[in-house]
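Below: one structure, written as structure tokens.
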Amino acid sequence: MKILIMGASGSGQTTLGKELSKHISFKFIDADDMYWLPTKPEYQKKRAVDIRLPMTLKEMQSPNVVMAGSIMGWGDILENAFDLIVFLSLDTNIRIERLKQREMLELGFVDQEFLDWAKEYDNPGFKSRSRFKHETWMSNRQAQILKIEGDQTVKQRLDKVLSILPQQMEPICQK
341 MKILIMGASG
351 SGQTTLGKEL
361 SKHISFKFID
371 ADDMYWLPTK
381 PEYQKKRAVD
391 IRLPMTLKEM
401 QSPNVVMAGS
411 IMGWGDILEN
421 AFDLIVFLSL
431 DTNIRIERLK
441 QREMLELGFV
451 DQEFLDWAKE
461 YDNPGFKSRS
471 RFKHETWMSN
481 RQAQILKIEG
491 DQTVKQRLDK
501 VLSILPQQME
511 PICQK
């Protein structure tokens, strides 16, 4: 089974993805690790799609995967590979505060340009990654979609995901 967790930056995709993969013993993949070249500071140079797609598909060869992040525009072979897509939605102000804290912790500074970009997610006319584009993208997928709205604990979100996983996974999930 392949599960994608997506949403706006700061909505908790990576946190939930790591917790879910640990809980059900699935391989975890962070789309950011595929998208960004390793740099110091991080998140400065993007990988070309013709490099990241085969790299990601190789990582996806495991039968059971949880991936966190946005993969829109990476290619149909990957975009249609998921059985379940979990869409996280969170208030912009909460997301931005989380992003500020994360950036200070991970990078030692706050990138205002990135925060300005992240604030535009709920703007339907935004030309970059947006809620409107994510919802349109999801409407074209065959996977089951689970939307989780609002500020919830990781456990609450995890319980919602676990509640819809197939019955045959129950022994894995009861660890």
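The working numbering numbers the first residue of the sequence shown as 341 and each following residue consecutively. Where a beta carbon is used, it is the ideal one built from N, C-alpha and C, also for glycine. All of these numbers come straight from a predicted model, not from anything done at the bench.
With a contact defined as Cβ atoms closer than 8 Å, Met341 and Asn420 miss out at about 14 Å. By the neighbour-count criterion, in which 16 or more other beta carbons inside 10 Å mark a residue as buried, Met346 falls on the buried side. Along the length of the stretch 370 to 413, whole alpha helix (DSSP H) runs at least 4 residues long occupy 371 to 375, 389 to 399, reported in chain order. Straight-line measurement puts the Cα of Met374 at about 6 Å from the Cα of Thr396.
Distance between Tyr383 and Leu377, taken at the CA atoms: about 7 Å. Sorting Asp390, Glu443, Met478 by C-alpha distance to the C-alpha of Gly415 places Asp390 at the top. A straight-line Cα-Cα distance of about 11 Å links Asp370 and Met400. Note on geometry: alpha-carbon atoms of Val494 and Asp431 lie some 16 Å from one another.
Between the alpha carbons of Leu360 and Leu505 lies a gap of roughly 11 Å. Secondary structure note for Val450: it is in no alpha helix (DSSP H), with a DSSP letter that is neither H nor E. Assignment of beta-bridge partners to Val501 by DSSP yields no partner. Met412 and Ala348 have their C-alpha atoms spaced approximately 13 Å apart. Residue Trp477 holds the alpha-carbon nearest to the alpha-carbon of Ile425 among Arg387, Glu443, Asn433, Trp477.
Burial state of Ala458 is buried, judged by a 10 Å Cβ sphere holding 16 or more other Cβ atoms.
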